[in-house]
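>
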Amino acid sequence: MTTLTPDTPVFVAGHRGLIGSAFARRLRAAGFEQILTVPRAELDLRERPAVEAWLQEAKPGLLVLCAGRVGGILENRDHPADMIAENLAIELSVLPAAQKLGVPRVIFFGSSCMYPRECPQPMPESALLSGVPEPTSLPYALAKLAGLEMCRALNAQYGSTRFYSVIPNNAYGPGDDFDPESGHVLAALIQRIHAAKASGAEHIDIWGSGRPRREFIHADDIADACCFLLEHCEDPAHYPINIGVGGDVSIGELAERIAKVIGFAGQLRFDASRPDGAPRKLLDSSRLANLGWRHAVSLEDGIRETYAWYLSQRTEETTG
Ligand code: GDP
């Protein structure tokens, strides 16, 4: 990275989460010596005075804002107030605090659910705010749109900051939330299909029609793309930038692939009483591709690795 050197302190906010942990791994691999993290019990990112005090002490050259309240389709449906309030609270506290304390660079993560539900596919950055997002994730989407606009506004108003918004598609990988109720589809299906195999079940119910299409990107690829962008696209005026792999699969196909990796031979049934959510969310990542970036982890390899990680955690739980 040309803009940052290995001795630049980088604050990864939300380092225990899927993207945050991938970011810390990526920085470590690139030789960064000062990766700053803080447990939630020690710093509540919603508390601006506490965040300011922490930043004053830590003086990061880059802040990667991975913290936030996230969840799958049911979590969004059942906790809409928490989704909007917690994400807005973190943005309202961390972003202005970072500007005030002179943090020169921030990476802020948006989400593909910010795009309109009826958006033409694939979705280019120019389609943001051209229509209303999917209702099941609207509170989360609005909080993320507010954060994106806050980054833009801080850059415009103060001129001294480079706050970059990126929009990754559905992230997955080691460290994901495998809870069948709150998790996103890929991790939730790994958990549920594994359990179905272990119990000798003859079938498993996949939520919805199986027809919605999703684009999945490994968290390591998201971290790698961000580091690439820091090096190759320094002007905040070029952001937000989509981060995707350029292809999607139906939920039915995803379930089949996961079942194959796990070795579940039972029937995959579809439960139409569960919500489908957005019909399709494929990002147009051509701007990132034109800069020369390409993802490294195929969906096949990513599912294998994530399942292996899931199994290793279970072993740890039972032996530890
Ligand atoms: P979304 O991308 O915001 O819709 O969130 P999810 O990752 O939770 O869901 C994606 C799609 O997968 C939706 O159509 C869900 O109905 C479907 N799906 C199928 N089975 C599951 C499951 O076990 N868990 C989750 N979260 N989604 C599932």
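In terms of the numbering used here, the sequence shown opens at residue -14 and continues consecutively. Where a beta carbon is used, it is the ideal one built from N, C-alpha and C, also for glycine.
Which same chain residues, not among the five before or five after Arg90, have their C-beta less than 6 Å away from its C-beta?
Within the same chain, Arg90 has close Cβ partners Leu47 and Arg147.
> State whether the segment 263 to 276 contacts the segment 193 to 213, with contact taken as three or more CB pairs (one from each stretch) at a distance under 8 Å.
yes
> By the three-class DSSP mapping on this structure, what secondary structure does Val(-3) have?
In the structure shown, Val(-3) adopts extended strand secondary structure according to DSSP, grouped into three states.
> Can you list, in chain order, the residues of its chain with a C-beta nearer than 8 Å to that of Leu28? Leave out the 5 residues immediately preceding and following it.
Ala35, Val36 and Trp39
> Using a 10 Å radius around the Cβ and a threshold of 16 neighbouring Cβ atoms, would you call Leu139 buried or exposed?
buried
> If I measure Cβ to Cβ from Ile226 and keep anything under 6 Å in the same chain, skipping five residues before and after, which residues do I get?
Result list for Ile226: Val151, Arg272 and Leu273, in chain order.
> Does ligand 1 have a heavy atom nearer than 7 Å to the CB of Ile92?
no
> Report the partner residues of Tyr157 according to the DSSP bridge assignment.
His203, per the DSSP bridge assignment.
> Where Pro(-9) and His223 are concerned, what is the direct C-alpha to C-alpha distance, given to the nearest angstrom?
25 Å
> Does ligand 1 have even one heavy atom less than 7 Å from the beta-carbon of Arg11?
Result no, Cβ not under 7 Å from ligand 1.
> Do Met99 and Leu130 come within 8 Å of each other at the CB atom, strictly closer than that value?
At a Cβ-Cβ threshold of 8 Å, Leu130 and Met99 count as neighbours.
> Does the segment 163 to 182 touch the segment 236 to 251, meaning 3 or more C-beta pairs lie closer than 8 Å?
yes
> Out of Arg62, Ile20, Asn61 and Arg31, state which residue places its alpha-carbon closest to the alpha-carbon of Lys44.
Ile20
> If we count the other Cβ atoms within 10 Å of its Cβ and call it buried at 16 or more, is Leu114 buried or exposed?
Leu114 is classed as exposed because its beta carbon has fewer than 16 other beta carbons within 10 Å across all chains shown.
> DSSP on Trp294, reduced to helix/strand/coil?
Here Trp294 carries a helix assignment [DSSP, helix/strand/coil].
> Please find out if some non-hydrogen atom of ligand 1 comes closer than 7 Å to the beta-carbon of Cys104.
no
> Is it buried or exposed for Pro105, if we count other Cβ within 10 angstroms and need 16 for buried?
exposed
> Looking at the secondary structure, which residues open and close the alpha helix (DSSP H) in which Phe8 lies?
Leu3 to Ala14
> Can you tell me whether Asn275 is buried or exposed, with buried defined as 16 or more other CB within 10 angstroms of its CB?
Flag for Asn275 reads exposed.
> What does the alpha-carbon distance come out to for the pair Ser283 and Leu171?
14 Å
> Does any heavy atom of ligand 1 sit closer than 7 Å to the C-beta of Pro153?
no
> Output yes or no for whether 8 Å exceeds the beta carbon distance between Ala257 and Ile202.
no
> Identify every run of the beta strand (DSSP E) within the segment 122 to 185, keeping only runs that are complete inside it and at least 3 residues long; order them along the chain.
Fully enclosed beta strand (DSSP E) runs of 3 or longer: 147 to 153 and 155 to 157.
> Could you tell me whether the Cβ atoms of Gly5 and Cys51 are closer together than 8 Å?
It is a contact, given that the beta carbons lie within the stated cut-off.
> Of all the alpha helix (DSSP H) runs that stay within the bounds of the segment 51 to 81, which reach a length of 4 or more residues?
Entirely contained in the segment 51 to 81, the alpha helix (DSSP H) runs reaching 4 residues are, in chain order, 58 to 63.
> From the DSSP output, in three-state form, read off Ser111 for me.
In the three-state reduction of the DSSP assignment, Ser111 falls in the helix class, which pools H, G and I.
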